[in-house]
Amino acid sequence: MSIKIRMRGKSTGGVAEIKALIKHPMESGVRMNKKTGKPFPALFIDTVTVTVNGAAAVDSQWSGAVSANPYMAIQVKANAGDEIKLVLSDNTGATGEETIKLK
Amino acid sequence: MKRRSFLKGTLATGAAAVAVNAGLLTPSTVLAAWNKEAFTAKSTDAALTSVYGSAAAAASGDIQLKAPAIAENGAVTPVTVDATGMTGVESIAILASKNPVPLVATYAFSGAAMGYASTRIKMGETMNVIAVVKAGGKLFKAEQEVKVTIGGCGG
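Same order as they appear, the protein sequences are chains A and B.
Each residue of the first sequence is one higher than the last, beginning at 1 in the numbering used here.
Each residue of the second sequence is one higher than the last, beginning at 1001 in the numbering used here.
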């Protein structure tokens, strides 16, 4: 099962801002299911990595306290045409990835 | 099938933890493994100690922490940490002081990355958002109180 990601990036003056929207429930494992009295099982994205032209740039770790359908924005030194790749996985092992070329 | 991948996962993280303890891996190569200790720590100090080895961070005006003064919906609180004005930024951690698990996210930077991270976080009640920046081997922090009118945990 792959996780859906929408990503955009634009470079101005050598600095690119990359924005990504990820479709994911981000269940923290704390929220209670009132019908059963037990918490909903944890299901959240825990690692996100971004590479620029194949070189590591951002290595991020998340907890279940990141909002559902997470938004993330980062800045990298990159120019138009550079390849940005985002790879992520959640605590059940489901993964998602997206590659874009900077505008 | 799920059970199998769960077992595999726990074995793998266990092995990674052993390797760290034995000093086989340097911190930079371990970054890919999810820091379970930090993300289960119940206090901001314990979480910071687990991530950075120390909880002593100096307040810095160079960190621009953007968060709303009043969050209408605690489940989606936009937080932006801009440390691009600092030199040698290695990583950023975002914490919410009163959450059951305070550590929300960590970002480690290398190569082309700049010291900037923006995300949206869940907050259960009114509390401080803390941004900790590691730059040039030292820890700096910025704090801001966010008033939450509707909780983020199913109210």
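Beta carbons: idealized from backbone N, C-alpha and C, even for Gly.
Here the structure is a predicted model, which means the values were calculated and not measured.
Start and end of the alpha helix (DSSP H) containing T92 of chain A? Position 92 of the first sequence, counted from the first residue, corresponds to residue 92 of chain A. Where T92 of chain A is concerned, there is no enclosing alpha helix (DSSP H), given that its DSSP letter is neither H nor E.
Is I1121 of chain B close to chain A? Criterion is C-beta to C-beta, closer than 8 Å. By one-based count along the second sequence, residue 1121 of chain B stands at place 121. So, interface residue.
In the DSSP assignment, what residue or residues form a beta bridge with P1078 of chain B? Here residue 1078 of chain B corresponds to residue number 78 of the second sequence, with the count starting at 1. Answer is B:R1120.
Please list the partners that Y1107 of chain B has in chain A, where partner means a Cβ-to-Cβ separation under 7 Å. Position 107 of the second sequence, counting from 1, holds the residue named residue 1107 of chain B. V58 and S60, listed in chain order.
Who are K85 of chain A's beta bridge partners in DSSP? The residue labelled residue 85 of chain A in the question sits at position 85 within the first sequence. DSSP output for K85 of chain A lists A:T51 and A:T99 as bridge partner(s).
Where V66 of chain A falls: helix, strand or coil (DSSP): Here residue 66 of chain A corresponds to residue number 66 of the first sequence, with the count starting at 1. Three-state result, V66 of chain A: strand.
Rounded to a whole number of angstroms, what is the C-alpha to C-alpha distance between R31 of chain A and S1043 of chain B? Position 31 of the first sequence, counted from the start, is the residue given in the question as residue 31 of chain A. Position 43 of the second sequence, counted from the start, is the residue given in the question as residue 1043 of chain B. R31 of chain A and S1043 of chain B: Cα-Cα distance of roughly 19 Å.
Cβ of T1044 of chain B less than 8 Å from any chain D Cβ? Here chain D cannot be found, since the structure's protein chains are A and B.
Name the chain A residues that come within less than 9 Å of S1110 of chain B, Cβ to Cβ? Translated into positions along the second sequence, residue 1110 of chain B becomes position 110. What S1110 of chain B touches in chain A: A55, A56, A57, V58 and D59.
Roughly how many whole angstroms lie between the Cα atoms of A1073 of chain B and Y71 of chain A? Start at 1 with the first residue of the second sequence, and residue 1073 of chain B comes out as number 73. Start at 1 with the first residue of the first sequence, and residue 71 of chain A comes out as number 71. As written in the sequence, residue 1073 of chain B is Asn, which differs from the Ala given in the question. For N1073 of chain B and Y71 of chain A, the distance between alpha carbons rounds to 16 Å.
According to the neighbour-count rule (16 or more other Cβ atoms, all chains shown, within 10 Å of its Cβ), is S1028 of chain B buried or exposed? For the purposes of this step, residue 1028 of chain B is identified with residue 28 of the second sequence, where counting begins at 1. Because the pLDDT of S1028 of chain B is 43, which lies under 50, any placement of that residue in the model is unreliable, and the number read from its coordinates should be weighed accordingly. The residue in question, S1028 of chain B, is exposed, as its Cβ has fewer than 16 Cβ neighbours within 10 Å.
What are the residues that DSSP puts in a beta bridge with F1109 of chain B? Working through the second sequence from its first residue, we reach residue 1109 of chain B at position 109. F1109 of chain B is bridged to A:V58.
Closer than 8 Å by C-beta to R5 of chain A: which residues in its own chain qualify, once you throw out the five before and the five after it? Chain order, please. Start at 1 with the first residue of the first sequence, and residue 5 of chain A comes out as number 5. According to the sequence as given, residue 5 of chain A is Ile; it is not Arg. The residues are A20, L21, I22, K23, L86, L88, G96, E97 and E98.
Would you identify the three-state DSSP class for A78 of chain A, choosing helix, strand or coil? As a first step, residue 78 of chain A is located in the first sequence; it is residue number 78 there, counting from the start. Coil.
Checking contacts by CB at 8 Å: is D90 of chain A closer than that to chain B? Indexing the first sequence from 1 puts residue 90 of chain A at position 90. So, not an interface residue.
Please state if the CB of T1126 of chain B and the CB of K1147 of chain B are separated by a distance shorter than 8 Å. Translated into positions along the second sequence, residue 1147 of chain B becomes position 147. Translated into positions along the second sequence, residue 1126 of chain B becomes position 126. In contact: K1147 of chain B and T1126 of chain B (Cβ atoms closer than 8 Å).
Cβ closer than 8 Å: which chain A residues qualify as neighbours of M1127 of chain B? Start at 1 with the first residue of the second sequence, and residue 1127 of chain B comes out as number 127. Result: empty, since nearest Cβ-Cβ is about 11 Å, beyond 8 Å.
Does chain B have any CB closer than 8 Å to the CB of P25 of chain A? Here residue 25 of chain A corresponds to residue number 25 of the first sequence, with the count starting at 1. Not one chain B Cβ lies under 8 Å of P25 of chain A.
Bounding residues of the beta strand (DSSP E) (the contiguous stretch that carries L1095 of chain B): The residue given as residue 1095 of chain B occupies position 95 in the second sequence. V1089 to A1096 is the span of the beta strand (DSSP E), which, as asked, contains L1095 of chain B.
Exposed unless 16 or more other CB atoms sit within 10 angstroms - verdict on G1155 of chain B: By one-based count along the second sequence, residue 1155 of chain B stands at place 155. Bear in mind that the predicted position of G1155 of chain B carries a pLDDT of just 43, short of 50, making it too unreliable to give a figure here.
On a CA-only basis, which of B:V1129, B:S1097 and B:T1106 is nearest K1036 of chain B? Give me that one, please. Stepping through the second sequence from its first residue, residue 1036 of chain B is reached at position 36. When only C-alpha atoms are compared, the closest one is B:T1106.
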